[in-house]
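Those letters in the sequence shown? Residues 1 to 458, by UniProt numbering. The beta-carbon is built from N, C-alpha and C at its ideal position, and this holds for glycine as well. For clarity, every value in this text was computed on a predicted model and none was experimentally measured. Presented below is the structure to which this report refers.
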Amino acid sequence: MKILAIETSCDDTGVAVIEIKGQKQPYFNILSNVVSSQVEIHKKWGGVFPSLAKREHQKNLAPTLKEALKKAGLLFSSSSILSSDGHRRGGGMGATSPTKLKILNEILAREKNLYDDIIKFLEKYDKPKVDLIAVTVGPGLEPCLWQGVNFAKALSFYWGLPIIPVNHIEAHILANWLCAYQIGTRLAPIRRAHKLFPAVALVVSGGHTQIILMKNFGKYEILGETRDDAAGECFDKTAKILGIGYPGGPAIAEIALQWKSQAPITNNQTNPNFQTLISKFGVKLPRPMLNTKDYDFSFSGLKTAVLCNFKSQPDYVKKDKNYLIEMSREIQQAIIDVLIKKTIKAAKDYNIKTIILGGGVSANEELRKQFLQKIQKENLNHELYATNYPPYQSSPHSSKASLRRKGREGNELNLLAPLKNLCADNGAMIGVAGYFSWLKKKIKPWQKIKADANLRIG
Ligand code: KG4
Ligand code: ZN
């Protein structure tokens with residue numbers, strides 16, 4: 001089956017077509033995954049400006065749909081396809097009844113630009129050969145969500161295709177099932193689903209930071225979450241304070257990379273064999289809620305600490321490359337320390353078999369690396385190896401064969417993280433989540449699909 005998936009929860013307009021093959025052991029093939037990014041627009045604000053984001057989604061949805069269908073080989077001009085009796089075939093608008101137009105108008109009553117674009121699109125192109133439309137309904141920025149939702153509803157109505165609502169957080173988790181296909185271990189996680197659960201998912205993005213217990217597909221329980229800013233938001237806001245670019249996560253990560261080579265190295269006097277990295281500016285930031293007994297987070301204090309430190313520095317320090325390197329490294333490490341500590345705590349407390357990472361921040365190389373190191377160090381009474389992304393296989397022997405052997409013993413702890421290009425918002429992950437919801441018969445009539453900015457998982 002083929003799913004057309006639409007994502008507009010924040011500042012990325014994503015449209016994808018995924019194909020699912022095999023019923024008992026399905027795997028996902030990405031036919032197209034087009035993301036129209038708004039980074040350049042939001043750069044000057046240092047964060048997403050919802051009304052601007054909404055306007056951009058309106059502009060981008062129809063062109064992104066067109067590109068996604070074209071890349072998937074599913075875009076056909078209605079005028080170019082004639083049936084044997086010389087009449088136009090398919091769903092071109094030529095044959096659209098006034099009633100249909102009226103309903104489209106009602107669905108897109110508040111999205112005038114989108115209405116014009118969609119009419120042009122439907123006039124020009126045939127109904128694509130897809131079986132289902134999946135759309136993000138929440139959580140996210142409400143004005144943005146509605147663009148994708150109304151767009152998807154209009155297509156569902158016009159083309160007579162079923163539509164399925166998708167939870168954005170669940171989609172970040174299930175993005176892992178896409179990358180499993182792409183790197184060639186494609187069926188492992190799904191075949192071995194009973195070996196994967198219970199799992200703990202850490203979803204870290206610009207809007208969310210949650211630790212979620214995943215008992216199975218569709219069975220979730222939020223164990224903890226941020227009480228204020230999300231981890232990605234903290235990266236974005238602190239990068240804005242330092243004036244080093246947007247989005248903040250990749251900007252900070254890139255500068256932090258230089259930390260080791262820049263910081264002076266001296267011998268520790270008490271133990272000459274032990275080398276200590278001495279900080280030039282003595283930047284030390286708090287790790288908020290690191291030792292609390294819950295699974296919650298708080299990042300706004302970290303942001304304030306960065307602001308205070310920055311403000312207290314003379315101008316020449318603020319511009320000093322080494323200061324920015326130290327700051328970036330310390331911001332990244334403070335965030336990583338709390339994310340890892342709380343997730344490992346949940347993993348131990350719930351005796352889980354898999355840690356699943358997801359969301360834009362999970363693209364952070366240092367976070368992935370340190371997660372694996374920590375799990376190895378703790379051992380957690382599991383024979384550990386990581387699947388899904390070759391650089392992190394903890395043992396040179398973790399080939400497919402050893403993966404199967406260990407799987408049978410059932411004592412492994414898996415660490416899953418999506419391919420880097422699938423960590424941030426995209427349509428393909430919405431398609432996978434749509435598929436699992438479709439299996440659970442969560443289809444609704446298009447009239448009942450609504451955006452819900454505060455939608456919870458579980
Ligand atoms: O999942 P996402 O694309 O959108 C939301 O659902 O919010 O996540 C965007 C967030 C931004 O805050 C961005 O700074 C962060 O992900 N991010 C990173 C990295 N790449 C993106 N944070 C840390 N390290 C990265 N490499
Ligand atoms: Zn997201």
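Tell me where the alpha helix (DSSP H) around residue i begins and ends.
i, result
"Pro-250", "248 to 256"
"Ile-336", "321 to 349"
"Phe-49", "First-last for Phe-49: undefined, no H or E at that position."
"Tyr-316", "315 to 318"
"Tyr-435", "427 to 439"
"Glu-106", "98 to 107"
"Trp-259", "259 to 262"
Cβ of residue i versus every heavy atom of the ligand KG4: is any distance shorter than 8 Å?
i, result
"Leu-178", "no"
"Val-432", "no"
"Ile-252", "yes"
"Val-361", "yes"
"Ser-205", "yes"
"Ala-347", "no"
"Pro-165", "no"
"Pro-247", "yes"
"Asn-235", "Strictly speaking, residue 235 in this sequence is Phe, with Asn absent from that position. Phe-235 Cβ: within cutoff of the ligand KG4."
"Ala-230", "yes"
Between the options, which has its C-alpha nearest residue i's C-alpha?
i, options, result
"Asp-337", "Leu-307, Gly-359 and Met-289", "Met-289"
"Ala-453", "Pro-165, Pro-128 and Val-130", "Pro-165"
"Ile-352", "Trp-146, Val-34, Ser-37 and Ala-201", "Ala-201"
"Ser-298", "Glu-233, Ile-169, Met-327 and Tyr-115", "Glu-233"
"Thr-354", "Leu-339, Glu-365 and Ile-375", "Ile-375"
"Lys-319", "Gln-332, Ala-334 and Phe-281", "Phe-281"
"Asp-228", "Tyr-220, Gly-434 and Ser-300", "Ser-300"
"Asn-60", "Glu-378, Leu-31, Gly-148 and Leu-75", "Gly-148"
"Gly-224", "Glu-365, Tyr-115, Asp-294 and Pro-418", "Asp-294"
"Lys-284", "Lys-321, Val-203 and Ser-328", "Ser-328"
"Phe-157", "Ile-118, Gln-23 and Ile-430", "Ile-118"
"Glu-326", "Ile-255, Gly-431, Leu-439 and Leu-114", "Ile-255"
"Ala-68", "Glu-170, Asn-426, Trp-438 and Gln-447", "Asn-426"
"Ala-171", "Asp-236, Val-203 and Gly-248", "Val-203"
"Glu-221", "His-208, Phe-235 and Ala-199", "Ala-199"
"Asn-414", "Gln-447, Leu-357 and Asn-322", "Leu-357"
"Lys-120", "Cys-423, Leu-101 and Glu-106", "Leu-101"
"Leu-122", "Ser-97, Thr-292, Arg-110 and Lys-441", "Ser-97"
"residue 463", "Asp-296, Asn-216 and Glu-40", "What is shown of the chain runs 1 to 458, which leaves residue 463 out entirely."
"Pro-445", "Lys-153, Trp-177, Leu-75 and Lys-342", "Lys-153"
Taking the continuous beta strand (DSSP E) assigned at residue i, which residues delimit it?
i, result
"Pro-165", "163 to 167"
"Ile-211", "209 to 216"
"Asp-12", "12 to 21"
"Ser-362", "First-last for Ser-362: undefined, no H or E at that position."
"Thr-136", "132 to 138"
"Leu-75", "Looking at the DSSP string, Leu-75 is not in any beta strand (DSSP E), and its letter there is neither H nor E."
"Val-149", "Note, Val-149: premise wrong, no beta strand (DSSP E); alpha helix (DSSP H) at 142 to 159."
"Ser-37", "27 to 37"
"Ile-6", "2 to 7"
"Val-283", "Segment: none, Val-283 is in no beta strand (DSSP E) and carries neither H nor E."
"Ala-201", "199 to 204"
"Tyr-220", "219 to 225"
Taking residue i and residue j to be in contact with their CB atoms under 8 Å, please state how far apart those CB atoms are, rounded to whole angstroms.
i, j, result
"Ile-133", "Ile-163", "5 Å"
"Ala-231", "Val-48", "15 Å between Cβ atoms; not a contact."
"Thr-64", "Val-17", "Wrong, their Cβ atoms sit about 12 Å apart, outside the cutoff."
"Ile-252", "Gln-332", "6 Å"
"Pro-286", "Leu-302", "6 Å"
"Lys-2", "Asp-131", "6 Å"
"Gly-249", "Phe-235", "4 Å"
"Phe-197", "Asn-216", "5 Å"
"Ile-344", "Glu-365", "The Cβ separation is near 19 Å, so there is no contact."
By Cβ distance, which residues of its chain are closer than 6 Å to residue i, with the 5 residues on each side in sequence left out?
i, result
"residue 477", "The chain is shown from 1 up to 458; residue 477 falls before or after that span and cannot be answered."
"Leu-31", "Val-17, Glu-19 and Ala-72"
"Tyr-115", "Leu-108"
"Gly-160", "none"
"Pro-128", "Leu-69 and Leu-74"
Tell me which residues share the same chain as residue i and place their Cβ nearer than 7 Å to its Cβ, disregarding the 5 neighbours each side in the sequence.
i, result
"His-168", "Ser-9, Thr-136, Gly-138, Pro-139 and Gly-140"
"Lys-420", "Ala-363"
"Leu-145", "Thr-8, Ser-9, Thr-136, Val-137, Gly-138, Ala-451 and Ala-453"
"Gln-258", "Ile-325"
"Leu-174", "Met-429, Val-432, Ala-433 and Phe-436"
"Thr-99", "none"
So, at 8 Å on beta carbons, what are the nonlocal neighbours of residue i in its own chain, with the 5 sequence-adjacent residues on each side left out?
i, result
"His-42", "Asp-11, Val-48, Phe-49, Leu-52, Ala-53 and Tyr-246"
"Gln-370", "Ile-336 and Ile-340"
Is residue i near the ligand ZN, going by C-beta to nearest heavy atom under 8 Å?
i, result
"His-208", "yes"
"Cys-10", "yes"
"Asp-425", "yes"
"His-168", "yes"
"Gly-160", "no"
"Ser-36", "no"
"His-172", "yes"
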